[in-house]
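Asker:
Numbering (my numbering), first residue to last: 3 to 196.
Here is the structure:
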């Protein structure tokens, strides 16, 4: 029991350390770092919505509404830091589900811990120094992928998990519809197998 508690405490601290690593690589102000990037547009829309601007009336972009509401709520929480805070929560949840996915394939904690470190290093080099659209969607994608894998490998599922996978699909679809390939492909596989 003590070993399991120690392991869980270690994992939470490790997840937090990796999340803080992501935080310290993020720019302070997106407007100055990427003046014409997507993250700047999302941040500006969030700011403008706090000033009464209406999405798709006063503000327009071809992305779905979810990303703009995420930035809006971030601005309500704490301005630009609030947006980062939401992003970091998304990254933390992403790490939890990457860990759970790795545990489906190995019982060795060290392998899972090293996997998280490698994924964080890759993440830091690929995702627009933080605040990119994909980073917000990672927890929804990895949660759904975990549920699909758990179903395929262990035949475990229930109604709540299926509803949450559908909810995750909706969030991602109404953010950026071309990111829903996971659900389309794996849902077809589930239908074929049944």
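A virtual CB, placed ideally from N, CA and C, is assigned to each residue, including glycine. All of these numbers come straight from a predicted model, not from anything done at the bench.
Closer than 8 Å to a non-hydrogen atom of the ligand ADP - does that hold for the CB of residue 142?
Answerer: The model on display carries no ligand, and the ligand ADP is accordingly not part of it.
Asker: Within the chosen definition, does the stretch 159-179 reach the stretch 103-117 through at least 3 CB pairs nearer than 8 Å?
Answerer: Contact fails: fewer than three Cβ-Cβ distances are below 8 Å.
Asker: Only counting the same chain, and skipping five residues up and downstream in sequence, which positions put a Cβ closer than 6 Å to that of residue 158?
Answerer: For the purposes of this step, residue 158 is taken as residue 156 along the chain shown, with counting starting at 1. Only 152 meet the Cβ criterion.
Asker: What's the call for residue 140, buried or exposed, on a 16-neighbour Cβ count within 10 Å?
Answerer: As a working mapping, residue 140 is identified with position 138 in the chain shown. So residue 140 counts as buried.
Asker: Taking Cβ to Cβ, would you say residue 13 is nearer than 9 Å to residue 167?
Answerer: On the chain shown, residue 13 is found 11 positions in, with the first residue counted as 1. On the chain shown, residue 167 is found 165 positions in, with the first residue counted as 1. For residue 13 and residue 167, no; Cβs fall outside 9 Å.
Asker: Tell me which same chain residues have a C-beta within less than 7 Å of the C-beta of residue 94, skipping the five on either side of it?
Answerer: The residue given as residue 94 occupies position 92 in the chain shown. For residue 94, where only same-chain residues beyond five positions count, the Cβ hits under 7 Å are 17, 21.
Asker: Comparing C-alpha positions only, which one of 184, 194, 122 sits nearest to residue 96?
Answerer: Taking the first residue of the chain shown as 1, we reach residue 96 at position 94. It is 122.
Asker: Assign residue 194 to one of two classes, buried (16 or more other C-beta atoms within 10 Å of its C-beta) or exposed (fewer than that).
Answerer: As a first step, residue 194 must be located in the chain shown, where it is residue number 192. Residue 194 should be labelled exposed.
Asker: Spell out a yes or no on whether the stretch 81-94 and the stretch 56-67 are touching, meaning 3 or more CB-CB pairs, one atom from each, closer than 8 Å.
Answerer: Contact fails: fewer than three Cβ-Cβ distances are below 8 Å.
Asker: Would you grab the beta carbon distance between residue 48 and residue 73 for me? Rounded to a whole angstrom, and I think it's under 8 Å.
Answerer: On the chain shown, residue 48 is found 46 positions in, with the first residue counted as 1. On the chain shown, residue 73 is found 71 positions in, with the first residue counted as 1. About 3 Å; that satisfies the 8 Å criterion.
Asker: Are the beta-carbon atoms of residue 146 and residue 188 separated by less than 9 Å?
Answerer: Numbered from 1 along the chain shown, position 144 holds the residue referred to as residue 146. Numbered from 1 along the chain shown, position 186 holds the residue referred to as residue 188. Yes. Within cutoff.
Asker: Roughly how many angstroms lie between the CA atoms of residue 42 and residue 15, to the nearest whole one?
Answerer: Stepping through the chain shown from its first residue, residue 42 is reached at position 40. Stepping through the chain shown from its first residue, residue 15 is reached at position 13. Spanning the two alpha carbons is a distance of roughly 31 Å.
Asker: How is the alpha helix (DSSP H) around residue 21 delimited, first residue to last?
Answerer: For the purposes of this step, residue 21 is taken as the residue at position 19 of the chain shown. Residue 21 -> alpha helix (DSSP H) spans 4-27.
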